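Remarks on the structure that follows.
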Amino acid sequence: MVNNLNQSFEFTRVFDAPRELVFKAWTEHGHFAKWWGPKGFTLEVVIMDARSGGRFLGFLTSPNGNLVMWRKFTYQEVVEPEKVSYIQSFSDEQGNTVGAPFSGSWPLEIMNVITLEDDEGKTVLN
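Residue numbers are given in this note's numbering: position 34 of the sequence shown equals residue 102, and the series is strictly consecutive.
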């Protein structure tokens, strides 16, 4: 299978929370570690510098503890409370990009762009 970095998909979610709080859920260690990753996995954040040019480094541990997956982000653009864009990769403990542990065809880098819009006290995430 050939990786095609031009493939994309979009989704929209509406959160019953103010935009500022949803933004913090994406950019602050205490919030982010509580929800990000597959269900049942725990996230340990090593570095979280969620600003334009900043980086994230952390690891996910499976419920049984048998699988540990390091992840890294390189933040491209962070505009409070409107936008978070970053390049996401699997990594080693030092933050070097590595292939996904579950698929040789998974892209080495994935660009993510999250936008947040206020809608009468709720937040629309695109």
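Cβ atoms here follow ideal geometry from the backbone N, Cα and C, with glycine treated the same way. The model shown is predicted, which means the values in this text are computed figures rather than measured ones.
Status (buried if at least 16 other CB within 10 Å, exposed otherwise) for residue i
i    : result
V82  : exposed
M137 : buried
E135 : A quick correction: the sequence has Leu, not Glu, at residue 135. The residue in question, L135, is exposed, as its Cβ has fewer than 16 Cβ neighbours within 10 Å.
G172 : exposed
F91  : buried
T165 : exposed
L176 : exposed
W103 : exposed
R87  : buried
A93  : buried
F124 : buried
Where residue i sits in the DSSP three-state scheme
i    : result
T165 : strand
G98  : helix
L176 : coil
L193 : strand
E188 : coil
V70  : Confidence at V70 is low in this model, with a pLDDT of 45, below 50, so the placement of that residue should be treated as unreliable; the coordinate-derived value is given next. Here V70 sits in coil by DSSP.
Residue closest to residue i, alpha-carbon to alpha-carbon, out of the options
i    : options                   : result
F170 : F158, E88, A101 and A85   : F158
N151 : S173, N132, L193 and H97  : The sequence as given places Lys at residue 151; Asn does not occur at that position. Checked all of S173, N132, L193 and H97; the closest Cα to K151 is L193.
F79  : K190, L184, G98 and G189  : L184
G105 : T129, V146, I178 and S153 : T129
V114 : P131, R139 and V147       : R139
F127 : S153, I178, A168 and P149 : A168
For residue i, the first and last residue of its enclosing beta strand (DSSP E)
i    : result
Q144 : V136 to V147
F158 : K151 to S159
Cβ of residue i within 8 Å of any chain B Cβ
i   : result
N74 : Given the protein chain composition of this structure (a single chain), no chain B is represented.
Alpha helix (DSSP H) runs wholly inside the region 79-132, at least 4 long, in chain order: Complete alpha helix (DSSP H) runs here, min 4: 87-95 and 97-103.
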